[in-house]
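**Student:** Take 3 as the starting number for the sequence shown in our numbering and just add one per residue. Cβ coordinates follow ideal geometry from the N, Cα and C atoms, glycine included.
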Amino acid sequence: MSEFAEKVDAFFHITERGSTIRTEIKGGIITYLAMLYILVVNPSILSATGVDFNLLATATALASFLSCVLMALYARFPIALAPGMGENAFLSYTIVSSMGFDYYQALMVVFIAGVGFFILAVSGLRQKLFEAIPPIVRISMAAGIGFFIMIIGLYNSGIIVHGTGSALTLGDLGAPGVFLGILCISVTTYLWFRQRWDAILTGMMVTFVIGFVGGMLLGWDTITPEGTSLIPGVGTAAVESLLTLPDLGLVGSMFTQFTFFDGTMIPAFLAAIASLLVVDTFDTTGTLFAAGKAAGIMDDSGNVDGKDRAFKADAAATLIGALVGTSTTTSYVESTTGIASGARTGLMSLVTGLMFLIAMFFAPLFVMVTGSCTVGALVIVGFLMLGSLKELDLLDPINLVTVFTTVFMTGLSGSITDGIAFGIIAYTISMMGSNRTSELSKVMKLLFLIFSLYFLLTFLIIPML
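See the structure below:
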């Protein structure tokens, strides 16, 4: 082993954790491939706000690179980070589309929530907040976001559309884009049940290739207008853009493009911050616990060397995401694919981060991928988040009311904040009606008050002024 390799081994404790440098590099590459879909899905979701896809793709890769490197060098923990699924939908469809903020105001929400999350992580209050909210509420939130993500995927692929006699109805199943969307879901689901770690990526690639060939031979309109510049005979704009440096136009835009909003929107602004803070706390805690258990470096009590540093690194990553111009950046459970291949240290995260850095120079290619190619990823992720409901006793009336209120109000209202708010209010009222008020934590009582005031101010009092 060379002197450099020995220093790397000592820094990351590779031999001490029963791994090798080669194994860590392999794990980093596998993790990157398992997460590659986010470079397409994240800008696809966020571009619904009107922000340029290429800028968002670059910001996604940059946030992932910086966050992975931070986790690797500071926490030395085998976990990779990228803009989170659910958090991106929250920014695009709730904060912007539903609440009426612009993209840069939404980034400020992400940043402020990130500051709060960082304070919780540094002070040690994160664990107390996590424990103060009962499992039924935490699981209902995750399931609600999963349902919401699935609806987004089905809608963006045309499988479901706005109906005339109903809110939603089936789209034209004979349309090429819809056919490809169904194909994507089918391939991804099949491979997932075959326990293929690359199920999401393969489903996306198979759908893209078939759609591309169909577009060339049959004239299918399945490629985005910008993406047609990659097709021979149509244009070369996107190809030429590959020869230029990545466009970092969104970096710092939270400050340079921010404009103050009307005072009547303050309740919604505060509610969005509270919702995002709560969601990110649960998301990160669950993911880090799963990765630590898979790596054999965390016991059932959640104790492991480096865990606290990992929480701090994840909290700092939220700030990084907002600063470079994308949604909340968080730990990814796909890291367990690299861990399953033998990786045990932060070197895995470093390799994954470097792969994201390289991807920044290929952002123009991602614009070709349509909603038909990403629906498989959204549906599978949604299924996984809904799968957490298996941990609950749905014969308990309080659980039943909380779950269905949260899940359906999140999906049908088109707002994650509203779904979480309705769920917390429903749970609190159910507990009070069951003479179990004493079992409610101070945090739950505070959230009940905050979200009740949010609804009263936003939908009743302010419109009357």
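Which of helix, strand or coil does DSSP assign to Ala134?
**Tutor:** Along the sequence shown, one-based indexing puts residue 134 at 132. Reduced to three states, the DSSP call for Ala134 is helix.
**Student:** Given the structure, does Thr258 come close to the ligand MN, in the sense that its CB is under 6 Å from one of the ligand's heavy atoms?
**Tutor:** With respect to small molecules bound, the structure shown includes none, and the ligand MN cannot be examined in it.
**Student:** Would DSSP call Ala276 helix, strand or coil?
**Tutor:** For the purposes of this step, residue 276 is identified with residue 274 of the sequence shown, where counting begins at 1. The answer is helix: DSSP assigns Ala276 an H, G or I state.
**Student:** DSSP three-state call for Thr332: helix, strand or coil?
**Tutor:** On the sequence shown, residue 332 is found 330 positions in, with the first residue counted as 1. Correct three-state label for Thr332: strand.
**Student:** To the nearest angstrom, how far is the alpha carbon of Thr439 from that of Ile431?
**Tutor:** Residue mapping note: residue 439 aligns to position 437 of the sequence shown, counting from 1. Residue mapping note: residue 431 aligns to position 429 of the sequence shown, counting from 1. If you take the alpha carbons of Thr439 and Ile431, they lie about 9 Å apart.
**Student:** Roughly how many whole angstroms lie between the Cα atoms of Leu359 and Ile161?
**Tutor:** By one-based count along the sequence shown, residue 359 stands at place 357. By one-based count along the sequence shown, residue 161 stands at place 159. Approximately 34 Å between the Cα atoms of the pair.
**Student:** With H, G and I counted as helix, E and B as strand and the rest as coil, what does DSSP make of Val281?
**Tutor:** Working through the sequence shown from its first residue, we reach residue 281 at position 279. Note: Val281 maps to helix in three-state DSSP.
**Student:** Work out the CA separation of Glu26 and Phe363 for me, nearest whole Å.
**Tutor:** Stepping through the sequence shown from its first residue, residue 363 is reached at position 361. Stepping through the sequence shown from its first residue, residue 26 is reached at position 24. Whole-angstrom Cα-Cα distance: 24 Å.
**Student:** For the candidate residues Ile268, Leu414 and Ser436, whose alpha-carbon lies nearest to that of Ser168?
**Tutor:** Position 166 of the sequence shown holds residue 168. That would be Leu414, whose Cα lies nearest to the Cα of Ser168.
**Student:** Under a Cβ-count criterion, where at least 16 other Cβ atoms within 10 Å of its own Cβ denotes burial, should Ile121 be classed as buried or exposed?
**Tutor:** Within the sequence shown, the letter at position 119 stands for residue 121. Burial call: exposed.
**Student:** Starting from the C-beta of Asn44, find all residues in its chain whose C-beta is less than 6 Å away, skip the five residues before and the five after it, and write them out in chain order.
**Tutor:** Position 42 of the sequence shown, counting from 1, holds the residue named residue 44. For Asn44, where only same-chain residues beyond five positions count, the Cβ hits under 6 Å are Thr62, Pro85 and Asn90.
**Student:** Which of the three DSSP states, helix, strand or coil, is assigned to Thr33?
**Tutor:** Here residue 33 is taken as the residue at index 31 of the sequence shown, counted from 1. If DSSP states are grouped into helix, strand and coil, Thr33 belongs with the helices.
**Student:** Just reading off the beta strand (DSSP E) that Ala84 is part of, what are its end residues?
**Tutor:** For this step, residue 84 is matched to residue 82 along the sequence shown. Here the beta strand (DSSP E) through Ala84 covers Leu83 to Pro85.
**Student:** Give the secondary structure of Leu172 by DSSP, where H, G and I count as helix, E and B as strand, and everything else as coil.
**Tutor:** Here residue 172 refers to the residue found at position 170 of the sequence shown. In the structure shown, Leu172 sits in a strand (DSSP, three-state: E or B).
**Student:** Measuring straight from C-alpha to C-alpha, what distance separates Met218 and Arg128?
**Tutor:** Numbered from 1 along the sequence shown, position 216 holds the residue referred to as residue 218. Numbered from 1 along the sequence shown, position 126 holds the residue referred to as residue 128. Distance between the alpha carbons of Met218 and Arg128 is about 53 Å.
**Student:** Given 8 Å as the limit, is there contact between the segment 370 to 381 and the segment 397 to 406, that is, 3 or more CB pairs closer than that?
**Tutor:** Short answer: they don't touch.
**Student:** Identify which residue in Ile463, Ile81 and Glu393 has its Cα closest to the Cα of Thr332.
**Tutor:** Against the sequence shown, residue 332 aligns to sequence position 330. With distances taken between Cα atoms, Thr332 lies closest to Ile81.
**Student:** Return the CA-CA distance between Ile23 and Phe79, expressed in angstroms with no decimal places.
**Tutor:** Your numbering for residue 23 matches position 21 in the sequence shown. Your numbering for residue 79 matches position 77 in the sequence shown. If I take the Cα positions, the gap works out to 15 Å.
**Student:** Enumerated in chain order, which unbroken segments of the alpha helix (DSSP H) with a length of 4 residues or greater are wholly contained in the segment 33 to 110?
**Tutor:** Those alpha helix (DSSP H) runs which fall completely within the segment 33 to 110 and span 4+ residues are 40 to 48 and 55 to 72.
**Student:** So Val353 and Gly30 are supposed to be a Cβ contact under 8 Å. How far apart are they, rounded?
**Tutor:** Translated into positions along the sequence shown, residue 353 becomes position 351. Translated into positions along the sequence shown, residue 30 becomes position 28. The Cβ separation is near 3 Å, so the contact holds.
**Student:** Are the CB atoms of Val139 and Tyr105 nearer to each other than 7 Å?
**Tutor:** To locate residue 139, count along the sequence shown from 1; it is residue 137. To locate residue 105, count along the sequence shown from 1; it is residue 103. Result no, Cβ atoms of Val139 and Tyr105 do not sit closer than 7 Å.
**Student:** Under 7 Å Cβ to Cβ from Pro227, same chain only, skipping five residues before and after it: list those, please.
**Tutor:** As a position in the sequence shown, residue 227 is number 225, starting the count at 1. A caution first: Pro227 carries a pLDDT of 47, below 50, which makes its placement in the model too unreliable to give a value.
**Student:** Please state the DSSP three-state secondary structure of Val253.
**Tutor:** Taking the sequence shown and counting its residues from 1, the one referred to as residue 253 is at position 251. It is coil, neither helix nor strand.
**Student:** Return the CA-CA distance between Tyr34 and Pro137, expressed in angstroms with no decimal places.
**Tutor:** Counted from its first residue, the sequence shown places residue 34 at position 32. Counted from its first residue, the sequence shown places residue 137 at position 135. Straight-line Cα distance between these residues: approximately 31 Å.
**Student:** According to DSSP, is Val445 part of a helix, a strand, or is it coil?
**Tutor:** Indexing the sequence shown from 1 puts residue 445 at position 443. Three-state DSSP puts Val445 in a helix.
**Student:** What are the start and end residues of the beta strand (DSSP E) that includes Val163?
**Tutor:** One-based indexing of the sequence shown puts residue 163 at position 161. Per DSSP, Val163 belongs to the beta strand (DSSP E) from Ile162 to His164.
**Student:** DSSP three-state call for Pro234: helix, strand or coil?
**Tutor:** Counting from 1 along the sequence shown, the entry for residue 234 is found at position 232. Bear in mind that the predicted position of Pro234 carries a pLDDT of just 44, short of 50, making it too unreliable to give a figure here.
**Student:** Nearest-angstrom Cα distance between Gly146 and Leu386?
**Tutor:** One-based indexing of the sequence shown puts residue 146 at position 144. One-based indexing of the sequence shown puts residue 386 at position 384. Whole-angstrom Cα-Cα distance: 11 Å.
**Student:** So, are the CB atoms of Ala423 and Ala59 less than 7 Å apart?
**Tutor:** Here the question's residue 423 lines up with position 421 in the sequence shown. Here the question's residue 59 lines up with position 57 in the sequence shown. Not a contact, by the Cβ cut-off of 7 Å.
**Student:** Spatial neighbours of Ile114 within its chain, please: CB distance less than 8 Å, with the 5 preceding and 5 following residues excluded, ordered by chain position.
**Tutor:** Walking along the sequence shown from the start, residue 114 turns up at place 112. Once the five neighbours on either side are set aside, the close Cβ partners of Ile114 are Ile275.
**Student:** Would you tell me roughly how many angstroms separate the C-alpha atoms of Ser454 and Tyr429, rounded to the nearest one?
**Tutor:** Here the question's residue 454 lines up with position 452 in the sequence shown. Here the question's residue 429 lines up with position 427 in the sequence shown. The alpha-carbon atoms of Ser454 and Tyr429 are separated by roughly 13 Å.
**Student:** Once you ignore the five residues that flank Ala312 on each side, which residues in its own chain have a CB closer than 6 Å to its CB?
**Tutor:** Walking along the sequence shown from the start, residue 312 turns up at place 310. Hits under 6 Å: Ala77, Phe79 and Leu290.
**Student:** As an exercise, report each continuous alpha helix (DSSP H) stretch of at least 4 residues that is fully enclosed by the segment 168 to 216, in chain order.
**Tutor:** Taking only runs of at least 4 residues, the alpha helix (DSSP H) segments lying wholly in the segment 168 to 216 are 178 to 195.
**Student:** Candidates Thr17, Cys70, Thr51 and Leu193: which alpha carbon is nearest Tyr334's?
**Tutor:** If you number the sequence shown from 1, residue 334 lands on position 332. For the residues Thr17, Cys70, Thr51 and Leu193, the minimum Cα distance to Tyr334 belongs to Cys70.
**Student:** Tell me the DSSP secondary structure of Ile463 in three-state form.
**Tutor:** The sequence position of residue 463 within the sequence shown is 461, counting from 1. Reduced to three states, the DSSP call for Ile463 is helix.
**Student:** Looking only at its chain, what residues have a beta carbon closer than 8 Å to the beta carbon of Ile141, apart from the 5 residues adjacent to it on each side?
**Tutor:** Translated into the one-based positions of the sequence shown, residue 141 becomes position 139. These residues qualify, in order along the chain: Ser390, Leu391, Glu393, Leu394 and Val405.
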